[in-house]
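> Residue numbers (the numbering used here): 3 to 156.
First, the structure itself, so that you have it in front of you.
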Amino acid sequence: MIISKNNFKFEIFNLPTKLNNNKKAITEALDLFITFFDINRLNVEVSFCSQEDIQKINYKFRKINKPTNVLSFPSEKLDQLDMNCEGEILICNDLLLEESLAQNKNHLDHFLHLLIHSLLHLNGYGHDNENDAILMEEKEIKFLSQIGISDPYK
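Here it is, written out as structure tokens:
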């Protein structure tokens, strides 16, 4: 699935069937994200992968030998908050489904939460220290409420 506009290119590879009918909701969330965070340019690729694949990638780049729900790879030139959101996102579909069920969350809402979380990383936000984590979480929760998703951390 490719969503493309002026300074906005968003491409999803291996989109799971369960999310396939949600292009409109995904596009609307991305449009609001750009406006809400005053993004000048968005150029992002998203791929879905297996637990085995994401575990290997997580170990290779983060030295953490376990699967994770999502990994973000910002553009190499990113070294601070940036009004250009560029990079790659990997989402483990198996964990997305498992977490949605275990946490009693709507599948699309959980996907959008992981997507927004990752887009914030691509835009320079992080959670390596407590102050950064608080700032990122506040921004994330505020934006998610704008698209009708309740606080995912409660």
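The C-beta atom is built at its ideal place from N, Cα and C for all residues, glycine as well.
Just grab the DSSP bridge partners of residue 45 for me.
Residue 45 pairs with 11 and 88.
> Which residues in the same chain as residue 67 place their Cβ atom closer than 8 Å to its Cβ, once the five residues preceding and following it in sequence are excluded?
Within the same chain, residue 67 has close Cβ partners 57, 60 and 61.
> Would you identify the three-state DSSP class for residue 6, choosing helix, strand or coil?
Looking at residue 6 - three-state DSSP - the assignment turns out to be strand.
> For residue 53 versus residue 96, is the C-beta distance shorter than 8 Å?
Yes, Cβ-Cβ distance for residue 53 and residue 96 is below 8 Å.
> Between the alpha carbons of residue 122 and residue 144, how many angstroms are there, rounded?
When rounded, the distance between both Cα atoms is 13 Å.
> Could you tell me which of 93, 24, 132 and 34 sits nearest to residue 71, measuring between CA atoms?
Cα-wise, what sits closest to residue 71 is 93.
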